[in-house]
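**Student:** Residue numbers (the numbering used here): 4 to 370. Take a look at this one; I'll ask things after.
Shown next, in the form of structure tokens:
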């Protein structure tokens, strides 16, 4: 496997952590929430059906990842239940929770991770396994908490959550600075800082890193997973780049970390608008990976990411085409530098890219 620094294409960078600023105006509209839930529930249930049919052995399914700091969390879960979502089929519930500067409305309150879990998440999920697919120190940005204090606050939260049996994973968002977007600097941590927070046991085997990037990363990224005792990794997949996804999952496994596969950014589903594409893709990944992994069964933060149901925000469904395992870029051992098309969501595997691509990397960044 040959992995090198990849490409971030402007316009497909992840949504900013300042949710109250960037979320669409329709996010809190009950009609929008219902519309999205009516699309997400059957999507999730289709993956459940494939799992129960034995088609996804070795893959653990997580729910769509909920932005718990947003008030729409309390709207989405009942709406999903009303739409028939089979949460009982999920191997865990994915939630994004930070030491924050606001409680769902930028009202000046300072909430910590455990408060969100106790006062919001456990209102709906008392016993289900919880996977924090994003966590960190947004308070450094929202309310300008001095970084040493924010680091100490995060250490306290991680320490408590490491002995909470309901919590299974704690992934620090963009900890290793893999995404250069200036909006994502709030939770940068060094390997030594993670070790100081979590010890050699990695917070009870729960600590991990959300790369905030598409598959796959540089060798240094996976080395840092091992050095920080991280047991979880998250990267973003594309339908026509399965080769990179296989290589990223295997690279993380070789360093002792299991990967959580995320799909979609904003209004771009990465080719997975049709759930059958996703099912075929996951089956293909498992045939070529060296161990088990996780997959999120829907969008990340549907309050602001609309790809699964573009009609809910005035858009139209894409024409993605099917999943083609014979596509050269889907081959697990193909040198990706031979593929002309760039990786929309992140990394090219195998080369630094053309001069044009390198310029895009240099110029990428948030506002």
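Cβ atoms here follow ideal geometry from the backbone N, Cα and C, with glycine treated the same way.
Alpha carbon to alpha carbon, how far is residue 69 from residue 172?
**Tutor:** Using only the alpha carbons, I get a separation of about 15 angstroms.
**Student:** Return helix, strand or coil for residue 192, following the three-state DSSP convention.
**Tutor:** Correct three-state label for residue 192: coil.
**Student:** According to DSSP, which residues form a beta bridge with residue 263?
**Tutor:** Bridge partners of residue 263: 237, 297.
**Student:** Determine contact between the region 241-255 and the region 184-193, defined as no fewer than three beta-carbon pairs at a distance below 8 angstroms.
**Tutor:** The region 241-255, when compared against the region 184-193, does not touch it at the 8 angstroms Cβ threshold.
**Student:** What do you get for residue 98, buried or exposed, if any count of 16 or more other CB atoms within 10 angstroms of its CB means buried?
**Tutor:** Under this definition residue 98 is a buried residue.
**Student:** For residue 37, report the span of its beta strand (DSSP E) as first-last.
**Tutor:** Counting along the chain, residue 37 falls outside any beta strand (DSSP E), though it belongs to the alpha helix (DSSP H) covering 33-55.
**Student:** In three-state DSSP terms, what is residue 256?
**Tutor:** Helix, per DSSP.
**Student:** Give the DSSP bridge partners of residue 95, in chain order.
**Tutor:** BP columns for residue 95 point to 65.
**Student:** Please list the terminal residues of the continuous beta strand (DSSP E) segment that includes residue 211.
**Tutor:** Run containing residue 211: 210-217, per the beta strand (DSSP E) assignment.
**Student:** I think residue 96 touches residue 137, with their Cβ atoms under 8 angstroms apart; what is that distance to the nearest whole Å?
**Tutor:** Actually they are not in contact, since the Cβ atoms of residue 96 and residue 137 sit about 13 angstroms apart, beyond 8 angstroms.
**Student:** In chain order, what residues of the same chain have a beta carbon less than 7 angstroms from the beta carbon of residue 119, not counting five sequence neighbours either side?
**Tutor:** Cβ within range, chain order: 71, 72, 100.
**Student:** If I follow the unbroken alpha helix (DSSP H) through residue 163, where does it start and stop?
**Tutor:** Per DSSP, residue 163 belongs to the alpha helix (DSSP H) from 150-164.
**Student:** Please state the DSSP three-state secondary structure of residue 287.
**Tutor:** Residue state, collapsed to three classes: helix.
**Student:** If you reduce the DSSP assignment to three classes, tell me which class residue 172 lands in.
**Tutor:** Residue 172: strand per DSSP, three-state reduction.
**Student:** Hey, residue 241 and residue 262: beta-carbon distance below 8 angstroms or not?
**Tutor:** Contact flag unset, no.
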